[in-house]
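Undergrad:
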Amino acid sequence: MSKEFVENEIKVNPVVVFSKSYCPFCTKTKSLLAKHSAKHKVIELDLVQDGEAIQATLHEMTGQNTVPNIFIGGQFVGGNSDLQKLEKEGVLVEKLKACGAI
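Under the numbering used here, the first residue of the sequence shown is numbered 288, with each subsequent residue one higher.
Next comes the structure, spelled out in structure tokens:
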């Protein structure tokens, strides 16, 4: 069930952030996306019913066991440091535009 949920969320949303509400790196990710007014869906794994199963599925799919898990245009981009790197390199806005998030 959780794999179908994850795949569907990635498919129907231009940007998806799998997060935890108390995570400072997740907060930085959400702030950066908000700065660009990017349409994005946040799924707080500590607040949803199957959060642990979803995180296990994400680990299986991406090899990353930490949050945030960020997908842009259906592609896994990594965590907060990866997103910040895209911003620093000047390619984040381009990726957000390409998937229709801005």
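Every residue gets a Cβ at the ideal spot worked out from N, C-alpha and C, and that includes glycine. This structure is a prediction, so every number in the text was calculated from the model and none was measured.
#1: Rounded to the nearest angstrom, how far is the Cβ of VAL302 from that of LEU319, given a contact under 8 Å?
#2: Roughly how many whole angstroms lie between the Cα atoms of HIS327 and ASP337?
#3: What's the C-alpha gap between ILE357 and GLY365?
#4: Please report the straight-line C-alpha distance between GLY361 and LYS298, rounded to a whole angstrom.
#5: Determine the contact status of LEU334 and PHE305, defining contact as a CB-CB distance below 8 Å.
#6: At a threshold of 7 Å, does PHE292 count as lining the ligand GTP (C-beta to nearest heavy atom)?
TA: From the atom records:
#1: Contact between VAL302 and LEU319 does not hold, since the beta-carbon distance rounds to 11 Å and is not under 8 Å.
#2: Straight-line measurement puts the Cα of ASP337 at about 20 Å from the Cα of HIS327.
#3: Each residue's alpha carbon lies about 6 Å from the other.
#4: Per the coordinates, the alpha-carbon of GLY361 lies some 6 Å from the alpha-carbon of LYS298.
#5: No, Cβ-Cβ distance for LEU334 and PHE305 is not below 8 Å.
#6: Because no ligand of any kind appears in the structure shown, any question about the ligand GTP cannot be addressed here.
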